[in-house]
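Q: Residues in the sequence shown are numbered consecutively from 33, following this note's numbering. Okay, handing you the structure first.
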Amino acid sequence: MSTAVVFIGGHPPHPGVLAHLPQDRWVVAADSGYDHATALGVEVDLLVGDMDSVSLDGLLDAAGHGVTIERFPTDKDFTDTELALRAALRHGPSAMVVVSCVGDRLDHSISALMALADPSLAAIPVEAWWGEAHVTVLRGPAARVIGGSVGETVSLLPVDGPAEGVTTTGLLYALHNEVLHATASRGVSNVFTEPSLTIEVRHGALLVIRPHALRSAAAPATPRNP
């Protein structure tokens with residue numbers, strides 16, 4: 033099975049992300065995410081959305097290259113991002129990578145980040161490139177080994193309720209079987225003390241965010257049995 037790569041709208045992604053995308057991939061674009069993907073030279077397999085932000089040239093390019101297009105009405109119950117995530121999941125991927133950047137719509141950015149931790153995605157590894165930041169989704173019970181650089185900042189943000197039984201190694205402020213709450217900043221601005229860190233979560237979901245990941249040559253997260 034290939035990795036589903038999902039390009040979503042907003043500002044264009046950081047060009048450095050291209051080097052981190054898997055070669056064996058199936059690409060979904062959410063609306064103007066098509067323009068972002070093709071600007072990086074990435075071929076798109078499926079374009080979804082209400083087509084209110086993709087350029088006319090992009091839409092014509094998709095049609096001309098035989099890209100499957102799923103058009104939805106503007107008045108709908110799901111954002112284009114969520115539609116793209118659902119379409120990617122239907123493809124049966126072995127993993128999912130979302131590519132985006134911070135846009136002008138704070139509400140859309142928050143909604144998209146929260147969607148990464150949807151329980152329907154729990155069966156596969158999910159990560160995202162958000163500008164120069166890298167996001168790893170960790171839903172317990174699970175563990176990850178995440179590469180980084182000594183001195184690099186990393187934040188652990190719980191979503192979908194509290195994250196329980198959080199234990200870390202390789203961080204300046206170690207956590208030992210702790211509970212992180214979404215309304216508190218306990219997991220914000222930790223620091224790598226080793227070239228990689230290990231995070232275990234017994235219950236709940238975490239977004240592990242390396243805000244300056246593209247400044248580091250470290251590898252992305254890899255699964256590990258808890």
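Glycine included, each C-beta is placed from N, C-alpha and C at the ideal position.
1. In the structure shown, what three-state DSSP assignment does Arg-256 receive?
2. State whether the stretch 230-250 contacts the stretch 159-168, with contact taken as three or more CB pairs (one from each stretch) at a distance under 8 Å.
3. What's the gap between the Cα of Ala-61 and the Cα of Val-80?
4. According to the neighbour-count rule (16 or more other Cβ atoms, all chains shown, within 10 Å of its Cβ), is Met-33 buried or exposed?
5. From this set, Asp-192, Leu-229, Ser-85, Ala-147, which residue's C-alpha is nearest Val-129's C-alpha?
6. Where does the unbroken alpha helix (DSSP H) through Thr-135 begin, and where does it stop?
7. Within its chain, find whatever has a CB closer than 8 Å to the CB of Asn-257; leave out the 5 residues flanking it on each side and keep chain order.
8. Which same chain residues end up closer than 8 Å to Leu-203 when comparing Cβ atoms and leaving out the 5 residues on each side of it in sequence?
9. Any idea if Val-49 is buried or exposed, counting beta-carbon neighbours within 10 angstroms, 16 or more meaning buried?
10. Under 8 Å between C-beta atoms, does Val-60 make it to chain C?
11. Which of helix, strand or coil does DSSP assign to Pro-47?
A: So, from the listed chains and residues:
1. Numbered from 1 along the sequence shown, position 224 holds the residue referred to as residue 256. Here the model assigns Arg-256 a pLDDT of 49, short of 50, so the residue's position is not dependable and the matter cannot be decided.
2. yes
3. Here residue 61 refers to the residue found at position 29 when the sequence shown is read from its first residue. Here residue 80 refers to the residue found at position 48 when the sequence shown is read from its first residue. Taking the straight line joining both Cα atoms gives about 6 Å.
4. Translated into the one-based positions of the sequence shown, residue 33 becomes position 1. Exposed is the call here.
5. Residue numbering aside, residue 129 sits at position 97 when the sequence shown is read from its first letter. With distances taken between Cα atoms, Val-129 lies closest to Ala-147.
6. The residue given as residue 135 occupies position 103 in the sequence shown. First, the amino acid is wrong: residue 135 is Gly here, not Thr. Careful: Gly-135 lies outside any alpha helix (DSSP H) and carries neither H nor E.
7. Counted from its first residue, the sequence shown places residue 257 at position 225. Because Asn-257 sits at a pLDDT of 43, beneath the cut-off of 50, its placement in the model cannot be relied upon, and the point is left open.
8. Counting from 1 along the sequence shown, the entry for residue 203 is found at position 171. If we look at Leu-203 and ignore the five residues flanking it on each side, its Cβ neighbours are Val-186, Asn-222, Val-223, Phe-224, Thr-225, Leu-229.
9. Counting from 1 along the sequence shown, the entry for residue 49 is found at position 17. With 16 or more other Cβ atoms within 10 Å, it is buried.
10. Looking for chain C here will not work: only one protein chain is present.
11. On the sequence shown, position 15 is the one that residue 47 refers to. The answer is helix: DSSP assigns Pro-47 an H, G or I state.
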